[in-house]
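Read the structure below first, then the notes.
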Amino acid sequence: MKSRSTVLILAVLVLLGGSLGYVLHARQRGGGPQLVAAEASFTLEQPGLYYRDTATGRVARSPGGVPDGPSCARFYAAGDRALCLRALPGTPARTEAVVYDRRFTELRRVTVPGIPNRARVSPSGQVLSWTTFAVGDSYAAGRFSTRTSVLDLRTGYLIKSVEEIPLTIGDTRYHAADINYWGVNFAADDNRFYATVSTGGRTHLVEGDLKAWSARTLRENVECPSLSPDGTRIAFKKKVSADPVAPWRLYVLDLADLREHPLAETRSVDDQAAWLDDSTLAYALPAHGSKATDVWSTPADGSGTPSLVLPGASSPVTVPPASPASY
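According to the UniProt record's numbering, the sequence shown is numbered sequentially starting from 1.
Given below as structure tokens:
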């Protein structure tokens, strides 16, 4: 039983890039992560690179670097909205998903089971998605599973689990108890989305349609997709090794012909990469000698070399100037 528990913990740490360890450490201290609100002067109205400061758990902006934003385990922003995932103290594990406007006024708060894993906001800011890591599903036989939700701010409707969406693999409508979705992100129309689905020991890139309530697979071995700002490419992590500690490499897929190419980053990246612009990707990697992570960047065309962007950081996202309608 002890060896089985050890294997489970290692598998979870690989999937989450250490976020579970953070939550367990907080619980062992007899509490949980402090839920800190943003300072009144901290907003998204200044353009820049926003990120989570790993030392404090709070959101900061570069240039500037003062972590005066809210405390988050995962963070993302787009349009005029921001999404913050927080790991709540206690057991069973729960996540609080908080939606903010550009001034970090809270708009919506949802509590879901599981540990924070992925967060995304559509380009308009009107549709949001988050993924949590959960254990205990009967089909999982003691292994992990994910829960992915979608919130439409236009209607207020919350899809608690996209696992319910009809899935087509190849040309066949597919049914299975072990279907898991994660890493949902949206196209500019607030309807089409891309995500990873896992079933039968395989991962697939899926393209989904919220209005038609359907999803279909495009290809195998794609995890944590991230759609480029121009909507033509997807960055993703691909499993290229059987090494459980370092199995992935970052790739970019051209949606027009489904051709892919590896990026210059050869280290194993366990993150959903973020597009800083149409030609550059950013992602978190473990910092040497600590439990923190650093944010690195690399060209999306596979050229060049990786560059350190932000030490002690995670959840990078570029926030452009606010539109006049947001004031």
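Ideal Cβ positions, reconstructed from N, Cα and C, are used throughout, including at glycine. None of the values given here were measured: they were computed from a predicted structure.
From the DSSP secondary-structure annotation, give me the bridge partner or partners of F75. C84
Residue range of the beta strand (DSSP E) that includes residue 349: The displayed coordinates of the chain run from 1 to 327. Any statement about residue 349 would go beyond what the structure contains.
Please go through the same chain and pick out, in chain order, the residues whose beta-carbon is closer than 7 Å to the beta-carbon of residue 404, but skip the five residues on each side of it. What the structure shows of the chain is the stretch from 1 to 327, and residue 404 is not part of that stretch, so it cannot be assessed.
If you check the beta carbons only, do T54 and S314 fall under 7 Å apart? yes
Return yes when the Cβ of S129 is within less than 7 Å of the Cβ of V184, no when it is not. Yes, they are a contact pair.
To the nearest angstrom, report how far apart G312 and T146 are at their CA atoms. 27 Å
Looking at C-alpha atoms only, which residue of A264, A274, T232 is the closest neighbour of L49? A274
What beta strand (DSSP E) runs, 3 residues minimum, are completely inside the region 172-225? 172-174, 180-186, 192-199, 202-209, 214-220, all fully within the region 172-225.
Those residues which DSSP pairs with F236 across a bridge: Y251
Taking C-alpha atoms, which residue in P89, T91, E96 lies nearest to F75? E96
At the level of alpha carbons, what is the spacing between A119 and V98? 11 Å
How long is the line joining the alpha carbons of S62 and R233, rounded to whole angstroms? 26 Å
Could you tell me which residues DSSP puts in a beta bridge with T155? Answer is none; T155 lacks a bridge partner.
Return the first residue and the last residue of the beta strand (DSSP E) that L310 is part of. 307-310
D277, enclosing beta strand (DSSP E) - first and last residue: 274-277
Can you give me the C-alpha to C-alpha distance between T172 and L218, rounded to a whole angstrom? 13 Å
So, for S307: in the same chain, excluding its five sequence neighbours on each side, which residues have a beta-carbon less than 8 Å away from its beta-carbon? W296, S297, T298
Cβ neighbour criterion (16 or more within 10 Å) applied to L44: The residue is buried, with at least 16 neighbouring Cβ atoms inside 10 Å.
Flag this pair as yes or no: are the beta carbons of A215 and I165 separated by less than 7 Å? yes
Look at the Cβ atom of E106, then the Cβ atom of D68, and state whether they are nearer than 7 Å. Cβ atoms of E106 and D68: not closer than 7 Å.
So what's E96 in DSSP terms, helix, strand or just coil? strand
Do the CB positions of W182 and T155 come within less than 7 Å of each other? no
So what does DSSP say about E163, is it helix, strand or coil? helix
For the beta strand (DSSP E) containing A313, list its first residue and its last residue. Membership of A313 in the beta strand (DSSP E) is indicated by the continuous run 313-319.
Relative to the C-alpha of I179, which residue among Q126, A187, E265, V206 is closest? V206
CB contact flag (P116, A134, <7 Å): The beta carbons of P116 and A134 sit no closer together than 7 Å.
Just the Cα atoms here: how many angstroms apart are H175 and L167? 7 Å
In whole angstroms, give me the CA-to-CA distance for E223 and A82. 23 Å
Residue environment, residue 328, which counts as buried when at least 16 other CB atoms sit within 10 Å: Given a span of 1 to 327 for the chain in the structure shown, any question on residue 328 remains unanswerable.
Assumed close pair S124, G79 - CB separation to whole angstroms, cut-off 8 Å: Between S124 and G79 the beta-carbon gap is near 5 Å, inside 8 Å, which marks them as a contact.
Span of the beta strand (DSSP E) around L107: Judged by DSSP secondary structure, L107 falls within the beta strand (DSSP E) whose first and last residues are 106-113.
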